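Report on the structure given below.
Number of protein chains: 2
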Amino acid sequence: MIGWPVADPVIPTVAHPVLAQAAKAASDAFRAARERHDHAQLAEKTAVGADGTASMRLDLLVESAIAEVAEAHRINLLSEEIGFVDRGSAVTLVADPVDGTANAAAGVPLSAFAGALVRDGTPVEALTCWLDTGRCWHAVAGAPAPYRTSGRGELDGAAVSLLRPHPRNREAWWRVTSRAARVRILSTSCLEAMLVAEGSTDAFADAGSDTHRIVDLAAAMVAVPAAGGAVLDVRGRALEIDPDLTRRWSGVVAATPRLAEEIAGAVLG
Amino acid sequence: MIGWPVADPVIPTVAHPVLAQAAKAASDAFRAARERHDHAQLAEKTAVGADGTASMRLDLLVESAIAEVAEAHRINLLSEEIGFVDRGSAVTLVADPVDGTANAAAGVPLSAFAGALVRDGTPVEALTCWLDTGRCWHAVAGAPAPYRTSGRGELDGAAVSLLRPHPRNREAWWRVTSRAARVRILSTSCLEAMLVAEGSTDAFADAGSDTHRIVDLAAAMVAVPAAGGAVLDVRGRALEIDPDLTRRWSGVVAATPRLAEEIAGAVLG
Numbered sequence: 000m001i002g003w004p005v006a007d008p009v010i011p012t013v014a015h016p017v018l019a020q021a022a023k024a025a026s027d028a029f030r031a032a033r034e035r036h037d038h039a040q041l042a043e044k045t046a047v048g049a050d051g052t053a054s055m056r057l058d059l060l061v062e063s064a065i066a067e068v069a070e071a072h073r074i075n076l077l078s079e080e081i082g083f084v085d086r087g088s089a090v091t092l093v094a095d096p097v098d099g100t101a102n103a104a105a106g107v108p109l110s111a112f113a114g115a116l117v118r119d120g121t122p123v124e125a126l127t128c129w130l131d132t133g134r135c136w137h138a139v140a141g142a143p144a145p146y147r148t149s150g151r152g153e154l155d156g157a158a159v160s161l162l163r164p165h166p167r168n169r170e171a172w173w174r175v176t177s178r179a180a181r182v183r184i185l186s187t188s189c190l191e192a193m194l195v196a197e198g199s200t201d202a203f204a205d206a207g208s209d210t211h212r213i214v215d216l217a218a219a220m221v222a223v224p225a226a227g228g229a230v231l232d233v234r235g236r237a238l239e240i241d242p243d244l245t246r247r248w249s250g251v252v253a254a255t256p257r258l259a260e261e262i263a264g265a266v267l268g
Numbered sequence: 000m001i002g003w004p005v006a007d008p009v010i011p012t013v014a015h016p017v018l019a020q021a022a023k024a025a026s027d028a029f030r031a032a033r034e035r036h037d038h039a040q041l042a043e044k045t046a047v048g049a050d051g052t053a054s055m056r057l058d059l060l061v062e063s064a065i066a067e068v069a070e071a072h073r074i075n076l077l078s079e080e081i082g083f084v085d086r087g088s089a090v091t092l093v094a095d096p097v098d099g100t101a102n103a104a105a106g107v108p109l110s111a112f113a114g115a116l117v118r119d120g121t122p123v124e125a126l127t128c129w130l131d132t133g134r135c136w137h138a139v140a141g142a143p144a145p146y147r148t149s150g151r152g153e154l155d156g157a158a159v160s161l162l163r164p165h166p167r168n169r170e171a172w173w174r175v176t177s178r179a180a181r182v183r184i185l186s187t188s189c190l191e192a193m194l195v196a197e198g199s200t201d202a203f204a205d206a207g208s209d210t211h212r213i214v215d216l217a218a219a220m221v222a223v224p225a226a227g228g229a230v231l232d233v234r235g236r237a238l239e240i241d242p243d244l245t246r247r248w249s250g251v252v253a254a255t256p257r258l259a260e261e262i263a264g265a266v267l268g
């Protein structure tokens, strides 16, 4: 069992009730799951999710709590395991119930709830909460966020978080790494994106492995531009809120549009 | 400025007063430094440390608080920046005041105080505290710790934390990475070692870049064996508490002695 406490999320009072309730439900379900299940049980793959990958028990337990919030508000839900639940609403909650599930199930204290409210296909508000500590980042599209990116424009000497390398993108991974001053792999995309948004690191990227799903990027698509940064795909594909979760992107989340383009260029070589 | 709170360390009551007071002093100084200085001021390199690398303002502020504890107890101190302070005592406090300084100064919430009490050259007790959250890990040499490693013996499929790669160890870094199921770079050696000790990850290694100093490994040398694991150097060099902080190792911290040897073998190729 993982003995460490799970902090209540510190949710800004201005957050939309759907996002606030979803984050609280995720945190409560996350805590309950850790109190009832050991490492192996949390990580047990008990189903295949809508994104085509295996779902861990922890993902399903937390997603179930979020699904109840969407149902109570009679809005659509697009989430990692359950896929798209269409209630005919103009509003969709796009959620990654537990970003960094492998971290969370193992006990590495780096995992997050990430939710975005999408109206007619456009993300309009986002809330990301670091489940272990309760730190939250909230943003509304088109309004300045209460945090700012580092403002960095150059990859040379930057601090960059990356997805772990795979054989299929080894050379691209090294091209980015060899130009950065610092490289981290925290294995929690949504939390790493918020570290970019608040200026603690300069960028976060999938160096061309096409691993990202839209649920990994939706909250960042609101929060990072609101903080002065940019989110794009390495290969220039539009980041679309698509119910088909088998679609993949190589997301770049950066302190400035210029840095995002530089990283995409380095990945493409 | 970094706005997030710094939690008080939750120090086990059985910890030696020197370690308990040093951890509390480190946490208090860390909090004060973040309240007074912005990112750039915390990271400003204001001196050259005893390990031959530049000392950041944050390191010096926290080390100064720890040095007062060692002085009050009239014991020797071996610490990253100040080097060896010899008071003729049989006991030395070996400390890394802020492990993961670059994280801490940037705002990435992964940094730790790590201290070991050394008697006549042998580490006998250790305390590591994650400064951001207050989580602490305590151990006494020769006694079982209240946490256990994962017990994993094989590198193939393991979860491994690594120091970031350098051009000089790129191939060795990749050899380890290509056999592991998960790879992380958290950039905080002492905290990563404790994640191995508590079984949240299987191993942490410097893949042959000879970056580790003894202050990065001393606390792990007590805590990890007490939890069932092993600490060794990739090239078989003895891990010695040496006042000369320019000496370097490539440490491997693993869930079992067998896994430590497998990783060392993979690094050497």
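In order, the protein sequences belong to chains A and B. With numbering that gives the first Met the number 0, letter number 70 in the first sequence gets 69, and the count goes up by one each step, no holes. With numbering that gives the first Met the number 0, letter number 121 in the second sequence gets 120, and the count goes up by one each step, no holes. For glycine and all other residues, C-beta sits at the position ideal for the given N, C-alpha and C. No experiment lies behind these values; they were computed from the predicted model shown.
Query                                                                                                                                                                       : Result
Take the Cβ of residue 217 (chain A) as the centre, count every other Cβ of all protein chains shown within 10 Å, and call the residue buried at 16 or more, exposed below. : buried
Please report how far the alpha carbon of residue 226 (chain B) lies from the alpha carbon of residue 15 (chain A), in whole angstroms.                                     : 45 Å
Considering Cα atoms alone, identify which of B:251, B:242, B:264 and B:257 is closest to residue 119 (chain B).                                                            : B:242
Hey, would you say residue 130 (chain A) sits closer than 8 Å to residue 113 (chain A), going by beta carbons?                                                              : no
As an exercise, report each continuous beta strand (DSSP E) stretch of at least 3 residues that is fully enclosed by the region 97-167 of chain A, in chain order.          : 111-118, 121-129, 135-139 and 158-161
Is the region 181-190 of chain B in contact with the region 146-165 of chain B, if contact means three or more CB pairs nearer than 8 Å?                                    : yes
When the Cα atoms are used, what is the spatial distance from residue 31 (chain A) to residue 47 (chain B)?                                                                 : 48 Å
Got a sec, what are the start and stop residues for the beta strand (DSSP E) residue 269 (chain B) sits in?                                                                 : The displayed coordinates of chain B run from 0 to 268. Any statement about residue 269 (chain B) would go beyond what the structure contains.
Buried or exposed: residue 232 (chain A), going by 16 or more other Cβ atoms within 10 Å of its Cβ?                                                                         : buried
With a cut-off of 8 Å, do at least 3 Cβ pairs link the region 51-68 of chain B to the region 81-100 of chain B?                                                             : yes
Quick check on DSSP: helix, strand or coil for residue 179 (chain B)?                                                                                                       : coil
Taking only the alpha-carbon atoms, compute the straight-line gap between residue 20 (chain B) and residue 13 (chain A) and give it to the nearest angstrom.                : 41 Å
If you run the structure through DSSP and keep just helix, strand and coil, what is residue 59 (chain A)?                                                                   : helix
Residues of the region 183-208 of chain A in Cβ contact with chain B at a cutoff of 8 Å, in chain order, please.                                                            : 183, 184, 185, 186, 194, 197, 198, 199 and 200
So is residue 0 (chain A) buried or exposed if we call it buried at 16+ other beta carbons inside 10 Å?                                                                     : exposed
So is residue 4 (chain A) buried or exposed if we call it buried at 16+ other beta carbons inside 10 Å?                                                                     : exposed
Residue 236 (chain B) and residue 208 (chain B): beta carbons closer than 8 Å?                                                                                              : no
Helix, strand or coil: which one does DSSP assign to residue 185 (chain A)?                                                                                                 : coil
Does the distance from the CB of residue 263 (chain B) to the CB of residue 251 (chain B) come in under 8 Å?                                                                : yes
What does a CB cutoff of less than 7 Å around residue 73 (chain B) pick up in its chain, not counting 5 residues either side in sequence?                                   : 86 and 88
Secondary structure at residue 244 (chain B), three-state DSSP: helix, strand or coil?                                                                                      : coil
Of the choices B:230, B:200 and B:214, whose alpha-carbon is the least far from that of residue 39 (chain A)?                                                               : B:200
Less than 8 Å between the CB atoms is what I'm expecting for residue 206 (chain B) and residue 172 (chain B), so what's the real figure, rounded?                           : 4 Å
By Cβ distance, which residues of its chain are closer than 6 Å to residue 212 (chain A), with the 5 residues on each side in sequence left out?                            : 50 and 244
Under 7 Å, CB to CB, which of the residues in the region 99-128 of chain B have a partner in chain A?                                                                       : 101, 105, 106 and 107
Could you please tell me which residues of the region 151-181 of chain B, in chain order, have their CB closer than 8 Å to any CB of chain A?                               : 158, 163, 164, 166, 169, 173, 176, 177 and 181
Closest Cβ-Cβ distance between residue 132 (chain A) and chain B: below 8 Å?                                                                                                : yes
Pull up the CB-CB distance for residue 76 (chain A) and residue 66 (chain A), whole angstroms please, since I reckon it's below 8 Å.                                        : 6 Å
May I ask you to report which of helix, strand or coil DSSP gives residue 37 (chain B)?                                                                                     : coil
Please return the same chain residues whose Cβ sits closer than 7 Å to the Cβ of residue 191 (chain A), not counting the five positions on each side in sequence.           : 160, 185 and 203
How would you label residue 230 (chain B), buried or exposed, when you count the other beta carbons within 10 angstroms and need 16 or more for buried?                     : buried
Let's see if you can read the secondary structure: which residues bound the alpha helix (DSSP H) around residue 263 (chain A)?                                              : 256-267
Within 8 Å (strictly less), CB to CB, does residue 136 (chain B) reach chain A?                                                                                             : no
With residue 9 (chain B) as the anchor, note down where its alpha helix (DSSP H) starts and where it stops.                                                                 : Neither: residue 9 (chain B) is in no alpha helix (DSSP H) and is coded neither H nor E.
Along chain A, which residues have their Cβ under 8 Å away from the Cβ of residue 248 (chain B)?                                                                            : Going along chain A, no residue has its Cβ under 8 Å from residue 248 (chain B), so there is no contact; the nearest lies around 21 Å.
Residue 127 (chain B) to residue 246 (chain A), Cα distance in whole Å?                                                                                                     : 43 Å
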